[in-house]
Every structure is written in structure tokens, then in C-alpha cells.
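Just so we're aligned, residue 1 is where the sequence shown starts under full-length UniProt numbering, counting upward by one.
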Amino acid sequence: MNIFLRSRSGFERVRTPNRTCLNLNLAFGFEVQKITEPERKFSAARERMAVRREKIKTDAGLHKEALQRAREASRRYREQNARELAFKQRQKRDIADIKKYGEEELASRNRTRQERRETARAAAELRTWGRPGVMSGRRRPRRRAQRDAAETLTALQRAALA
Numbered sequence: 001m002n003i004f005l006r007s008r009s010g011f012e013r014v015r016t017p018n019r020t021c022l023n024l025n026l027a028f029g030f031e032v033q034k035i036t037e038p039e040r041k042f043s044a045a046r047e048r049m050a051v052r053r054e055k056i057k058t059d060a061g062l063h064k065e066a067l068q069r070a071r072e073a074s075r076r077y078r079e080q081n082a083r084e085l086a087f088k089q090r091q092k093r094d095i096a097d098i099k100k101y102g103e104e105e106l107a108s109r110n111r112t113r114q115e116r117r118e119t120a121r122a123a124a125e126l127r128t129w130g131r132p133g134v135m136s137g138r139r140r141p142r143r144r145a146q147r148d149a150a151e152t153l154t155a156l157q158r159a160a161l162a
């Protein structure tokens, strides 16, 4: 007669001619009494399902973490964009102020070091290119600058002829 006992290490088959031997086995650390063959298969399947459920849970957890990371990244990206936009707006305002008040007047005002630096940069760009935003990351600025220079030159020539 074959009887399967669930020990702490898994299933073990015990051949028992009589009850006393089975009882002895139970006394030595076996948890479950008789388990027949189909029942053993069923409980193994149940264990596999439990493992699979656990894996699905962890996958969902990982997915949640990935979503969290993506949200963080997009938030950082938005903040960076906002910072760049704010910088460009400040630069435009600086250019307008320079044109309106003059560089020395702006420099003499009591402002933070960063604002002074940005104004100086904007003024330098204004002197160099005739307009702002060239050094700060525009693509192909030189061609546009050359066109602007050519336009101002032709305007000057027209003024001289008139």
C-alpha cells in the first residue's frame, strides 16, 4: 500500500504494511496523514497556481514602479521646459529693458547676480548679433544673422542714397 506523506521537504512516498509504522512516520515530523495520488497532483497544481499568482502580483508591482518612474521623468521634463521658457522670457524682457533704459542703467539697479549675468549675456548677444537668443541654443543662427546684417546694410545703403 502506497501512502504519500507531506513532509517539510515535500512529498514522500512511504510503503507501510501496517498502521504502527505510519504512526511512527507521523511522529517523526510529517504534517499530513494519508494523501492519495490524485490529491497529491492536485495540491502540487494548487502550489504552482499560488506561485503564478505571486509572480503576477510582483509584475504588477514592477509595472506600478515603472509608471511611477515615467511620471517622475515627465515631471522633471516639464519643470526643465518651464525653466527654459522662463529664462527665454526673462531674456526677452532684458533685451527690451536694455533697448529702453540702456545697459549701464540696468547694471546699476540692485538685482541678483544671476539676473545681472543674464542681462550681460543678453546685452552681449544684442551687440554681437543684433538680437537675442542666438547663443542660447538656436539652430543655424549664423545664416539668419548674416541675413539680418545684409538687410541692415541694404537699409543703410538706401538711407545713404535717399
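Beta carbons are placed, not taken as given, at the ideal position from N, Cα and C, and that holds for glycine.
8 Å contact criterion, which residue i and residue j should meet: CB distance rounded
i          : j          : result
residue 65 : residue 91 : Incorrect: roughly 39 Å between the Cβ atoms, too far for contact.
For residue i, three-class secondary structure by DSSP
i           : result
residue 61  : helix
residue 24  : Because residue 24 carries a pLDDT of 49, less than 50, the predicted location of this residue cannot be relied on, and no value is offered for it.
residue 154 : helix
residue 32  : Bear in mind that the predicted position of residue 32 carries a pLDDT of just 46, short of 50, making it too unreliable to give a figure here.
residue 119 : helix
residue 128 : helix
7 Å CB neighbourhood of residue i in its chain, flanking five on each side removed
i           : result
residue 157 : none
Beta-carbon proximity check, residue i vs residue j, cutoff 9 Å
i          : j          : result
residue 98 : residue 82 : no
residue 62 : residue 95 : no
Chain-order list of residues whose beta-carbon lies under 8 Å from that of residue i (same chain, five-residue window excluded)
i          : result
residue 57 : none
Neighbourhood of residue i by C-beta distance below 6 Å, restricted to the same chain and skipping five residues each side
i          : result
residue 71 : none
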